[in-house]
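Written below as structure tokens is the structure these notes are about.
Protein chains in written order, with this note's numbering: chain Z, 112 to 928; chain C, 57 to 154.
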């Protein structure tokens, strides 16, 4: 699996890591800052603590020195002493001072030129100095350009000078200088000279060496001008005082430290004498404006801070790495199945429903998603199948409906039944589901119009199929038999004979004699039709309803009649009309139907049907149509001409034969019993011949059949074809069946010139129809001569049927002669 | 069924009268089977034949196969009904009808 830089896992990991980095950074920064502050505080406190006692001590010392100086200067300003007096005074002052402050090593007095004793014009400088356990008096000169002198003279205030190694005191000293003011003649203060008190600073070095400082630190004292005054020997290492400079580190560079620009105390990062980086605490020694510092080398100082930071860093990195692993694990745990699912989804989208859905175990969202996805696939497949089935079924039902509708004649022209004695219009509005209503109309001869309406029980394809069969049977029977009752009886028989589904059909059919308006009809359980008379009155015609068709095989229907008057409209309908239901579960009913017909007035038949439909629509409103609505309206226009039958005979007048004419007329006027004649013609005559199975008996059978068929005067050709058929079938029985006896049943029906021959033999079961037909197109070299006999029979006879009846073979052939 | 044989050089004419069916076909078979040696043209005259059944077709089929090797076979004067049978069974493609 490649690493997808744009993948969910990567993105998510990166974002979480970025967030964690920020958080860690913040924590680290804040902690560092806090630590720094805390350390600074601790260090400052530490520095303060270290400094306090020392600074106090130094302050005290220097303040005392200052007091001494101030006191001496004041005394000098008040009295003008002689040289000798001055010497004594200086000696006395130094001795006194030293008892107080042993660090005072000299007291120096320098007058302004001309102001000293015994020197009206020139300099006067005299000092008392302690050295090697004794005090000496020394005269000095050339002091006026010395810093300690002119700075005091110019400033006219006392001050601590920068420590230096004196001219007369060869050790580092701190010098306190005080201007000496004397009153002149006018009483004004006039600067007379400068007094200096020299204090040895060596003791500071000793002092500093003894100050204990934690963490390898040490103390340091610098002058007001930042010159190191006292420092541990380890720092010096042969360096001069001036080289021991304290610098403050500012970023990457450093500047000399100047306390004057800062607070009186604080902490900074710096170096001492170019040494290692250090944290330095400083505080002011107020008495002489010097600085006391405590220095900790940075390494030591930062040790805690760094170790803390390091610990934090290590912990952070550890946590970071751990989180990274966890995040990546989670991300890939999520991303991999998602990616697999995406691949599967793509395939699924392409129509591959057999695609493997990756299994994801667990109960998290991804697992749920995978499960849902898997379910979606199966539901999808299921639904698609269902939809396919539904669509197929719907299509087939549509097809069935279309076929059903197209089978019904739409216009009279289709049936060629138009004439001016009647007018007719059908109406069929199928319900959503294919149903079993049908109507039919056709002429069986020029003067007789047949109208049929029917309704098969149930709905759907079975009803539709049953309806088709019913309609075709009715039509065929009516056309052939030309008798309502016969057609009803035979259609019923045919339908009932094979009706395993126990369906039934209600039928109303009538034959209208267009010459007289007489309707011969029968009703198999169907609603009585209505009639609208030309005077506007309406009624149901008296129609006795008999058993529905297909219920019992041997139902016998009775013929009923009704006489249509000129201008009457016969209205046939199914229960889809009278049982149309509205929202209140009320039926349209007979009364509303009659009312609708009455309201329709004297309209044509199409409008009559439309009128009824309109009334139904107004009645049911938006309730969906449940049943087929079928109507057939026939208007009888009648004819003004009387009905005449016409007969013609030509006779020879010269040889008048009165008898011939008379018998002609008598023959016409003697009423014929048409029904009886029809019945005789309808009947099948049956003949039977039993023969032993020997070849020679073929002639016997042929002669037998010829004897029966000859009087029917069928065609020579069909006679010959029957003879061949007998030959083929009988010779087959002789050759193959092993039968000992053959019964030949010959049935003829003169009315239709039909003959049926049934060969019944007691041989082994043999169905010749099942034999494959020979290929008659092959050239002679490839032809087999077998199987031709039964093939000829199949080709020349109208039908060939075989059945095994008990231990007998029965082969029946029919032929129209 | 009656069969009339006419031999003219290597032409053999068999005139059939009556029905050529299962019962009469053996007669014709006897006339044809093994008796066509040297015959170049075999002519069946069906002028007076009423019909032919499949048994008869079988003999015609045999004869045609033999004559295909040694000459030709012609069926003459078959009536419409017999021609129908020939057509139905595909024999019209095999036989030479005149």
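A virtual CB, placed ideally from N, CA and C, is assigned to each residue, including glycine.
Item                                                                                                                                : Value
CB contact below 8 Å: residue 887/Z versus chain C                                                                                  : yes
Counted within 10 angstroms of its Cβ, other Cβ atoms place residue 129/Z as buried (16 or more) or exposed                         : exposed
Residue-chain proximity (residue 78/C, chain Z), Cβ-Cβ < 8 Å                                                                        : yes
Contact list for residue 104/C against chain Z, beta-carbon separation under 9 Å                                                    : The premise fails here: residue 104/C is roughly 14 Å from chain Z at the closest Cβ pair, so nothing lies under 9 Å.
contact_flag[the region 511 to 521 of chain Z, the region 547 to 554 of chain Z] where n(CB pairs < 8 Å) is 3 or more               : yes
Within chain C, the residues that residue 902/Z reaches when beta carbons sit closer than 9 Å                                       : 110, 144, 145
Residues near residue 787/Z in its chain [Cβ-Cβ closer than 8 Å; skip 5 each side]                                                  : Because residue 787/Z sits at a pLDDT of 44, beneath the cut-off of 50, its placement in the model cannot be relied upon, and the point is left open.
Rounded distance between the beta-carbons of residue 855/Z and residue 868/Z, thought under 8 Å                                     : 6 Å
Any chain Z beta carbon closer than 8 Å to residue 100/C                                                                            : no
Residue 84/C vs residue 76/C beta-carbon contact at 8 Å                                                                             : yes
DSSP state of residue 805/Z mapped onto helix, strand, coil                                                                         : coil
Where residue 858/Z falls: helix, strand or coil (DSSP)                                                                             : strand
C-alpha distance - residue 598/Z paired with residue 875/Z, whole-angstrom precision                                                : 40 Å
Contact set for residue 334/Z: own chain, Cβ-Cβ below 6 Å, skip 5 residues either direction                                         : 273, 274, 340, 401
Closer than 8 Å to chain Z by CB, residue 128/C                                                                                     : no
Limits of the unbroken alpha helix (DSSP H) element including residue 337/Z                                                         : Looking at the DSSP string, residue 337/Z is not in any alpha helix (DSSP H), and its letter there is neither H nor E.
Exposure of residue 188/Z, with buried meaning 16 or more beta-carbon neighbours within 10 Å                                        : buried
Within 7 Å of chain C by C-beta, residues of the region 824 to 848 of chain Z in sequence order                                     : 828, 831, 834, 835, 838, 839, 842
CB of residue 343/Z within 8 Å of CB of residue 356/Z, strictly                                                                     : no
Test: residue 122/C CB closer than 8 Å to a CB of chain Z                                                                           : no
Residue 545/Z in three-state terms, based on DSSP                                                                                   : coil
Where the beta strand (DSSP E) containing residue 533/Z begins and where it ends                                                    : 533 to 540
Beta-carbon contacts of residue 657/Z that lie in its chain and below 8 Å, excluding the five residues immediately before and after : 633, 634, 635, 636, 666, 668, 669
6 Å Cβ shell around residue 418/Z - same chain, five flanking residues per side excluded                                            : none
Backbone CA spacing between residue 225/Z and residue 180/Z [nearest angstrom]                                                      : 23 Å
Local Cβ density within 10 Å of residue 124/Z, reported as buried at 16 or more and exposed below that                              : buried
Residue(s) in a DSSP beta bridge with residue 488/Z                                                                                 : Its beta-bridge partners do not exist; DSSP assigns none.
Within chain C, the residues that residue 899/Z reaches when beta carbons sit closer than 7 Å                                       : 110, 113, 145
Counted within 10 angstroms of its Cβ, other Cβ atoms place residue 177/Z as buried (16 or more) or exposed                         : buried
Buried or exposed (CB count within 10 angstroms, at least 16 for buried), residue 533/Z                                             : buried
Cut-off 8 Å between Cβ atoms - residues of its own chain near residue 435/Z, not counting five sequence neighbours on either side   : 124, 128
Which residues DSSP lists as bridging residue 291/Z, in chain order                                                                 : 304/Z
8 Å contact criterion, which residue 121/Z and residue 431/Z should meet: CB distance rounded                                       : Contact flag wrong, Cβ pair sits at about 17 Å.
Cross-chain neighbours of residue 891/Z in chain C, by beta carbon under 8 Å                                                        : 117, 120, 121, 124, 150
Residue 685/Z and residue 739/Z closer than 8 Å at C-beta                                                                           : yes
Beta strand (DSSP E) runs wholly inside the region 186 to 228 of chain Z, at least 3 long, in chain order                           : 215 to 222
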